[in-house]
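Participant: First, the structure itself, so that you have it in front of you.
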Amino acid sequence: MDAVAIPATGGSEPVGDSSPRILLEDGPLLGVWKPAGLLTQGVPGGLPTLESWVREWLKQRYQKTGNVYLGIPHRLDRPVSGVIVFARNSKAAARLSEVFRERRVKKTYVAVVRGRLPAETGTLNHWLLKDAEAAHSLVVPEGTPGSKIATLEYRVLEARDDRSLVEVDLQTGRMHQIRVQMAAMSCPVLGDWEYGSTSGEPAIPPSADADPTARRPAVEQIALHARRLEIPHPIRFDNVLIEAPFPTHWTTYWLEG
């Protein structure tokens, strides 16, 4: 079925780096722009999360005084920016979780990586082993107990000096998949110290509209952006395409610098 193109608020213009924003509200389906450095969901310690921001937005929009339902069918890593979807009722949440589980969602990312990939386009297949305790994934030999296949397709959009701008279509959804697989090709995502990016490289600069006293450590922002999400609508079942503008620092530093 053809995708229904729904433009993000503000079109393709870059957005400030520090605050979430609603990209789409279509019945029970919400598309939200997540800034890098913000957790998707709560953890012990009471850190700010995108989930709490969306709940508060719904309370204000619909003048709710109690708890509001919010289904979370998928997540983005903390240092990653871009589009993420939520469900406003349990039926929509169950249907969205099912389409993610059955891989009926097209997820497109854009990354800036160190170095050059071996070809302009290609498919990467690696076996990954998830270390849940360490919140880390490893590339391991095929057949390693507990490992799962990870597949992505990539296209080099531009290459400059020691870095490449790459578009990635995920075929599977493993923990830190793009970060691990690019590192396995000796092309770690810029700023991703956890998976081998140079620790001495400059921090991603904060946006001009950000409070300089509230700057996040560079380790919480990497050059990986969830650019587009194409997903069946949980009620109408037609495909909905949601596009997330790049953060300001992408156009002012990585993409133009």
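Here this note's numbering = 1-based position in the sequence shown + 1051. Where is the CB? At the ideal position from N, CA and C, for every residue including glycine.
Roughly how many angstroms separate the alpha carbons of residue 1227 and residue 1287, rounded to a whole number?
Facilitator: Roughly 31 Å between the two C-alpha positions.
Participant: Measuring straight from C-alpha to C-alpha, what distance separates residue 1099 and residue 1157?
Facilitator: Whole-angstrom Cα-Cα distance: 28 Å.
Participant: For residue 1120 versus residue 1139, is the C-beta distance shorter than 8 Å?
Facilitator: Yes.
Participant: Just mark residue 1128 as buried or exposed, buried being the case when its beta carbon has 16 or more other beta carbons within 10 Å.
Facilitator: Buried is the call here.
Participant: Helix, strand or coil for residue 1198 per DSSP?
Facilitator: Note: residue 1198 maps to coil in three-state DSSP.
Participant: If contacts are defined as beta-carbon pairs under 8 Å, then residue 1219 and residue 1160 qualify, I think. What distance do you get, rounded to the angstrom?
Facilitator: Correct: roughly 4 Å between the Cβ atoms.
Participant: Output the distance between the C-alpha atoms of residue 1300 and residue 1130, rounded to the nearest integer angstrom.
Facilitator: So the alpha carbons of these two residues sit roughly 14 Å apart.
Participant: Do residue 1291 and residue 1215 have their beta-carbon atoms positioned less than 8 Å apart in this structure?
Facilitator: Their beta carbons are not under 8 Å apart, which means residue 1215 does not touch residue 1291 by this criterion.
Participant: Between the stretch 1179–1191 and the stretch 1076–1086, do three or more beta carbon pairs fall short of 8 Å?
Facilitator: As far as the Cβ criterion goes, the stretch 1179–1191 does not touch the stretch 1076–1086, which means the pair count is below three.
Participant: Within 7 Å: the Cβ of residue 1147 and any heavy atom of the ligand NAD?
Facilitator: Among the components modelled here there is no ligand, and therefore nothing to report on the ligand NAD.
Participant: Between residue 1248 and residue 1166, is the Cβ-Cβ spacing less than 8 Å?
Facilitator: Not in contact: residue 1248 and residue 1166 (Cβ atoms no closer than 8 Å).
Participant: Answer with buried or exposed for residue 1174, where buried requires no fewer than 16 other C-beta atoms within 10 angstroms of its C-beta.
Facilitator: Exposed.
Participant: Have a look at residue 1079 and residue 1106 and give me their C-alpha separation to the nearest angstrom.
Facilitator: Whole-angstrom Cα-Cα distance: 13 Å.
Participant: Could you tell me which residues DSSP pairs with residue 1116 in its beta bridges?
Facilitator: BP columns for residue 1116 are empty, so no partner.
Participant: Roughly how many whole angstroms lie between the Cα atoms of residue 1198 and residue 1191?
Facilitator: So the alpha carbons of these two residues sit roughly 7 Å apart.
Participant: Within the same chain, show all residues whose beta-carbon is closer than 6 Å to that of residue 1243, passing over the 5 residues directly before and after it, in chain order.
Facilitator: Once the five neighbours on either side are set aside, the close Cβ partners of residue 1243 are 1230, 1273.
Participant: State the Cα-Cα distance for the pair residue 1279 and residue 1111, rounded to the nearest angstrom.
Facilitator: The alpha-carbon atoms of residue 1279 and residue 1111 are separated by roughly 27 Å.
Participant: Exposed or buried, residue 1113, counting other C-beta atoms within 10 Å across all chains shown (16 or more means buried)?
Facilitator: Exposed, since its Cβ has fewer than 16 Cβ neighbours within 10 Å.
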